[in-house]
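Going by this note's numbering, the sequence shown wraps up at 116, each residue one higher than the last. Built from N, CA and C at the ideal position, the CB exists for glycine as well. Below: the structure, in structure tokens.
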Amino acid sequence: MGTTEWFGDKPGALFPWAKEKLGDFGFTLPEGLDKVIGDKFGGNVSAERLSVLDQQVLVWFPAKGGTAKLKADPLYKNFKVRTEGRDVFVEENYDDQLYGAIQFVSVLSLPIVIDQLVPKLAAAVDGDPATNA
């Protein structure tokens, strides 16, 4: 499992949220992915290392309008995580309850994350690319 977003024009990985919150759901960071960033909050993943994002499930937090850009990326669109529909997109949208709950994590936002993100994660790993939550 990895959580990612675009940093400038390059994809990057975010670890604190993934370790703290998605780890509570039983997800772990794959070996090697944490070495890309080290102990920093996040950073860029170069095109040469982009394959490190091809995992069992990948959660993206793209900027507004960024989901289409990601899905069309010439390298990423051929990864198994993309072709098998095992990626989850929570695009920047302050009117979206899930996006807000993830960006401003608190005790009050966790039920929203559980109610809305968990079904998306379950759909991503169910083996059927056509499943949507």
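Residue i burial status per 10 Å Cβ neighbour count (16 or more: buried)
i	result
L91	exposed
P45	buried
A113	exposed
L93	exposed
A84	buried
L53	buried
Residue i - partner residues in DSSP beta bridges
i	result
V71	V42
Heavy atom of the ligand FAD within 7 Å of residue i beta-carbon
i	result
G49	Annotation note on the ligand FAD: not contained in the displayed structure, which lists no ligands.
Cβ-Cβ distance between residue i and residue j below 8 Å
i	j	result
A107	D70	yes
L100	V64	no
Y59	L33	yes
E122	K47	Given that the chain is displayed from residue -16 to residue 116, the structure contains no residue 122 and the question cannot be resolved.
D37	F10	no
F87	W43	no
Span of the alpha helix (DSSP H), counted from its first residue to its last, around residue i
i	result
L33	Unbroken run through L33: none, as it is neither H nor E.
A55	49 to 55
V64	63 to 66
Short CB-CB distance (under 8 Å) between residue i and chain B
i	result
K103	The chain labelled as chain B is not found in the depicted structure, where only one protein chain is given.
Every unbroken alpha helix (DSSP H) within the segment 79 to 104, with a cutoff of 4 residues, ordered by chain:
Qualifying alpha helix (DSSP H) stretches, in chain order: 80 to 86.
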